[in-house]
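Enquirer:
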Amino acid sequence: MSELVDARGLACPVPVVKTRDALKTGAPDITVVVDNPTSRDNVYRFASSQGCQVQVEEERGDIFKVMISNPAATGEAAAPEAEPAGSAEKRTVVVLSEDIMGRGSEELGKILIKAFLNTLAENDPPPWRMVLFNRGVMLAIEGEDTVEPLVNLDKMGVEILVCGTCLDFFGLKDKVAVGTVSNMYDILTTMLMGTNSVSI
Amino acid sequence: MGPEDLEKVLRLLPPGEDREDILVGLDTHDDAAVFLLDEETALVHTLDFFTPIVDDPYGFGQIAAANSLSDIYAMGGVPISAMNIVCFPCSLGMDLLAEILRGGLDKVREAGAVLLGGHTVDDEEPKYGLAITGKVNPDRILTSTGAEPGDLLVLTKPLGTGILATGLKAEFISEMDMVEAVSGMAMLNAMASQAAVQAGAHACTDVTGFGLLGHLITMLPQQGLGCRIFASSLPVYPRTVEMAETGMIPAGAHKNRDFLEQRVSISPEVDDITVDLMHDPQTSGGLLIALPPLGFNVFADVMGDDSWARIGEFEDSSKPNISVMP
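Sequence lines, in order, name chains E and C.
For what it's worth, this note's numbering labels the leading residue of the first sequence as 144, then goes sequentially.
For what it's worth, this note's numbering labels the leading residue of the second sequence as 74, then goes sequentially.
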């Protein structure tokens with residue numbers, strides 16, 4: 144079912160916010176009608192950044208139709224950069240909020256998390272996305288021995304989201320070795336769009 | 074209002090008066106007006122106000138005041154007195170308004186000026202700003218024109234406040250995510266102005282609503298002078314690029330770009346996000362200063378290492394245009 148979002152007469156960022164809300168409802172196809180080039184470009188960029196396929200049609204004068212197909216909602220084979228690895232039916236999100244695995248011995252926890260990531264990189268199919276927040280961001284920092292398995296996962300097409308606020312908090316923004324520095328909106332969207340999640 | 078609309082309106086009005094004591098008036102694109110009192114003193118006048126850019130009322134007051142005071146600094150002047158301009162819906166409560174005014178007052182005091190009064194109007198959307206009077210030695214006025222080929226171009230604050238404010242409005246980021254930009258906008262351009270004067274700057278303006286390139290173009294009024302910008306050297310607030318990639322470009326950036334299209338050439342190697350950044354309307358942006366190369370070390374010594382950058386250079390050019398290199 145295609146959903147129509149009429150964003151004519153609305154100033155930025157409202158058209159993007161309305162597009163986001165429409166994506167949230169899970170509609171597979173969304174057409175956003177806007178009446179200025181700023182909104183056209185912004186809606187285009189936003190939908191692309193969410194892994195959607197986007198096309199723009201100029202109607203007449205300053206009316207633009209931005210047509211968005213949301214692979215996450217249709218479950219079809221998705222845009223390559225959006226869903227390269229996980230199967231269409233199953234989108235596993237791996238959530239890492241610590242830089243160790245389990246409570247008790249910290250030394251053991253570090254050994255276990257590395258083993259976990261190595262095994263994950265060998266597992267078939269790999270997860271859809273990974274989310275690193277709080278001390279979990281430490282796993283993606285230069286010099287850590289967990290970077291190598293994460294790089295392997297990244298090469299396999301697993302999208303790794305690293306919480307930007309957390310990096311700022313720890314003062315490690317310029318030390319990230321792997322993954323995409325991300326925000327709470329993308330992290331939340333990933334968790335909501337995932338069909339199952341594994342939390343460490 | 075966009076630069077195109079403003080020009081249309083100004084064309085409907087009679088030109089500025091031709092008097093010897095008006096040193097800077099309506100006829101140039103300068104930041105403030107300068108009126109000669111006597112041989113040693115000229116008064117600098119400016120007024121600016123706008124709607125809240127952040128949710129924190131005290132922070133908004135600080136930013137609005139720093140923004141208004143900036144026009145005095147851009148002329149090489151020193152602020153002496155200030156008057157508040159307030160539009161406010163009473164339904165929001167007087168405590169909130171008091172916080173806005175406290176933020177403004179603190180900045181006026183930090184600038185060494187005094188707040189003398191103001192005017193309030195009941196309005197649906199809050200707006201705040203100030204009219205500022207400053208003084209300057211008439212022989213030492215900095216205007217937006219006067220740069221020479223070979224001068225270095227420096228910018229004294231990072232870019233991105235318009236994009237971040239749009240992200241905040243959409244709730245894609247919170248104020249916690251833009252603390253650097255909030256404190257940057259609240260920072261006075263006092264030190265940058267002093268540094269420019271001491272370094273013998275040839276020209277100066279501040280970056281606000283017309284964006285980096287829109288204000289830079291006012292520094293290129295005549296044939297024979299162009300400017301080259303190095304895109305990779307532009308200072309940018311954290312999270313700005315990410316917000317731009319998510320579609321948080323304010324409408325003002327497009328208006329600014331359309332207005333300048335004929336006068337800016339951009340290398341194909343410069344990405345779209347950087348182009349948007351150079352047109353992003355800034356609130357309380359930094360000073361854009363044309364420095365003679367010999368003055369550069371003096372300028373750097375006064376400024377220290379903080380968040381300013383050398384971003385380009387003025388050059389001989391048949392047309393008064395801007396070229397942007399990667």
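Heads up, the beta-carbon is just placed ideally off N, CA and C, and yes, glycines get one too.
Treat the numbers as computed from the prediction; the structure is a model and nothing was measured.
1) Tell me the rounded alpha-carbon separation between E224 (chain E) and E241 (chain E).
2) Report the residue from C:F372, C:E388, C:T124, C:P87 whose alpha carbon sits nearest the alpha carbon of G239 (chain C).
3) Quick one: what does DSSP say Q355 (chain C) is sitting in, helix, strand or coil?
4) Should T319 (chain C) be flagged as near chain E, meaning a C-beta pair shorter than 9 Å?
5) My output table needs one value for K318 (chain E): the three-state DSSP class, helix, strand or coil.
6) Might you give, ordered along the chain, the residues of its own chain that have their beta carbon closer than 6 Å to the beta carbon of A304 (chain C), omitting 5 neighbours on each side?
7) What number of angstroms, rounded off, separates the C-alpha of E219 (chain E) from the C-alpha of L285 (chain C)?
8) So, is the C-beta of M156 (chain C) closer than 9 Å to a C-beta in chain E?
9) Could you check the C-alpha separation between S230 (chain E) and I246 (chain C) for me, to the nearest Å?
10) Could you tell me if the beta carbon of T338 (chain E) falls within a distance shorter than 8 Å of some heavy atom in the ligand SAM?
11) Using CA coordinates, which residue listed in C:K208, C:G297, C:F372 is at the minimum distance from G219 (chain C)?
12) Check whether the Cβ of A222 (chain E) lies closer than 9 Å to any Cβ atom in chain C.
13) Do you know offhand how far T101 (chain C)'s Cα is from G150 (chain C)'s?
14) Name, going along the chain, the residues of the region 300 to 326 of chain C whose beta-carbon falls closer than 9 Å to a beta-carbon of chain E.
15) Whose Cβ in chain C lies nearer than 8 Å to the Cβ of A154 (chain E)?
16) Please tell me whether G307 (chain E) has its Cβ less than 9 Å away from any Cβ of chain C.
17) Mapping DSSP to helix, strand and coil, what is L153 (chain E)?
18) Counting only runs that start and end within the region 291 to 344 of chain C, where is the alpha helix (DSSP H) found for 4 or more residues in a row?
19) Alpha carbon to alpha carbon, how far is V117 (chain C) from V209 (chain C)? Give it in angstroms, no decimals.
20) Using a Cβ-Cβ cutoff of less than 8 Å, which residues in the same chain neighbour L263 (chain E) once the five nearest sequence positions on both sides are dropped?
21) Going along chain C in order, which residues have a C-beta closer than 9 Å to the C-beta of D184 (chain E)?
22) With a CB to CB cut of under 7 Å and the five nearest residues on each side skipped, what residues in its chain are close to D317 (chain E)?
23) Are the beta-carbon atoms of L189 (chain C) and A269 (chain C) separated by less than 9 Å?
24) Runs of 4 residues minimum, wholly inside the region 165 to 216 of chain E: which ones carry the alpha helix (DSSP H) assignment?
25) Does chain C have any CB closer than 9 Å to the CB of A165 (chain E)?
26) Which whole-angstrom value is the C-beta distance of L237 (chain C) and I290 (chain C), which I expect to be below 8 Å?
27) I'd like to know whether the C-beta atoms of N339 (chain E) and T174 (chain E) end up nearer to each other than 9 Å.
28) Below 8 Å on the Cβ atoms is my guess for I405 (chain C) versus D184 (chain E); work out the distance and round it to an integer in Å.
29) Going along chain E in order, which residues have a C-beta closer than 9 Å to the C-beta of K242 (chain C)?
30) Between A190 (chain E) and chain C, is the shortest Cβ-Cβ distance under 9 Å, so that the two count as touching?
31) Spatial neighbours of R330 (chain C) within its chain, please: C-beta separation below 6 Å, excluding the five flanking residues on both sides.
32) Please identify the residue among E:L260, E:V157, E:A190 whose C-alpha is closest to the C-alpha of D172 (chain E).
33) Near A221 (chain E), which residues of its chain fall below 6 Å by C-beta distance, leaving aside the five closest residues on each side in sequence?
34) Quick one: is F123 (chain C) near chain D, going by C-beta distance under 9 Å?
35) How far does the alpha helix (DSSP H) with K298 (chain E) in it extend, from its first residue to its last?
Expert: To lay it out plainly:
1) Bear in mind that the predicted position of E224 (chain E) carries a pLDDT of just 40, short of 50, making it unreliable; the figure below should be weighed with that in mind. Approximately 27 Å, taken between the alpha carbons.
2) Reading off the sequence shown, one finds Thr at residue 239 (chain C), where the question assumed Gly. Closest by alpha carbon: C:T124.
3) coil
4) yes
5) helix
6) V343, T347, V397, P399
7) Residue placement at E219 (chain E) is poorly supported in this model, since its pLDDT is 45, which falls under 50; the coordinates still yield a value, given next. Rounded to whole angstroms, E219 (chain E) to L285 (chain C) spans 44 Å at the Cα level.
8) no
9) Any reading at S230 (chain E) must be qualified, since the residue scores a pLDDT of 39, below 50, and its modelled position is unreliable; no value is offered.
10) You won't find the ligand SAM in this model; it holds no ligand whatsoever.
11) C:G297
12) Note that A222 (chain E) scores 41 on pLDDT, short of 50, meaning its location in the model is unreliable; the coordinates nonetheless yield the value given after this. Output row for A222 (chain E): interface = no.
13) 18 Å
14) P311, R312, E315, M316, A317, E318, T319, G320, M321, I322, P323, A324, G325, A326
15) A324
16) yes
17) coil
18) 313 to 318, 324 to 333
19) 7 Å
20) V237, P269, P270, P292, L296
21) G320, I322, H327, D345, D349
22) none
23) no
24) 180 to 192
25) no
26) Not confirmed; about 24 Å, so no contact.
27) no
28) Given that chain C is displayed from residue 74 to residue 399, the structure contains no residue 405 (chain C) and the question cannot be resolved.
29) C155, P156, V157, V160
30) yes
31) H352
32) E:A190
33) Low local confidence applies: a pLDDT of 39 at A221 (chain E) is under 50, so the model's placement there is unreliable, with the coordinate-based value given in what follows. Around A221 (chain E): P214.
34) Although the question refers to chain D, the structure presented lacks it and instead comprises the protein chains E and C.
35) 290 to 298
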